[in-house]
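Asks:
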Amino acid sequence: NYVDAVIGSEPKERVLLNGVTDFSVEILREVESELDWSDTIPDTELPFAIAVIITTETFGEIRREFQVKV
72 NYVDAVIGSE
82 PKERVLLNGV
92 TDFSVEILRE
102 VESELDWSDT
112 IPDTELPFAI
122 AVIITTETFG
132 EIRREFQVKV
């Protein structure tokens, strides 16, 4: 497998998580006294953090937050 697939080859697919009903990403632009998560991407600079929210039939809502900038 290569990052850039050969022209004419079929992509390989693999299900990672069954029963996903919703997926969203939130961006934390600034760190203040209260965290203000947004769903819009900043124009020019990296956000402080990104949150990935996946809702599944089995596990409900799963939220993971990743720090991007120190």
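Following this note's numbering from start to finish, the sequence shown increments by one per residue and tops out at 141.
Don't be surprised by glycine CBs; every beta carbon is placed ideally from N, CA and C.
I'd like the list of long-range same chain contacts for Glu-132, defined as Cβ closer than 7 Å, with 5 residues on each side in sequence excluded.
Replies: Only Ile-124 and Thr-126 meet the Cβ criterion.
Asks: For Phe-94, which of helix, strand or coil comes out of DSSP?
Replies: Reduced to three states, the DSSP call for Phe-94 is strand.
Asks: For Leu-99, does the three-state DSSP call read helix, strand or coil?
Replies: Correct three-state label for Leu-99: strand.
Asks: Ignore the nearest five residues each way along the sequence and tell me which others in Thr-129's own chain have a CB closer than 6 Å to its CB.
Replies: Taken in chain order, the residues that qualify are Gly-90.
Asks: Tell me the start and end of each unbroken beta strand (DSSP E) in the stretch 102–137 that is at least 3 residues and wholly inside, in chain order.
Replies: Within the stretch 102–137, the complete beta strand (DSSP E) runs of at least 3 residues are 120–127.
Asks: Count the other CB atoms within 10 Å of the CB of Pro-82; is the residue buried (16 or more) or exposed (fewer)?
Replies: Exposed, by the Cβ-count rule.
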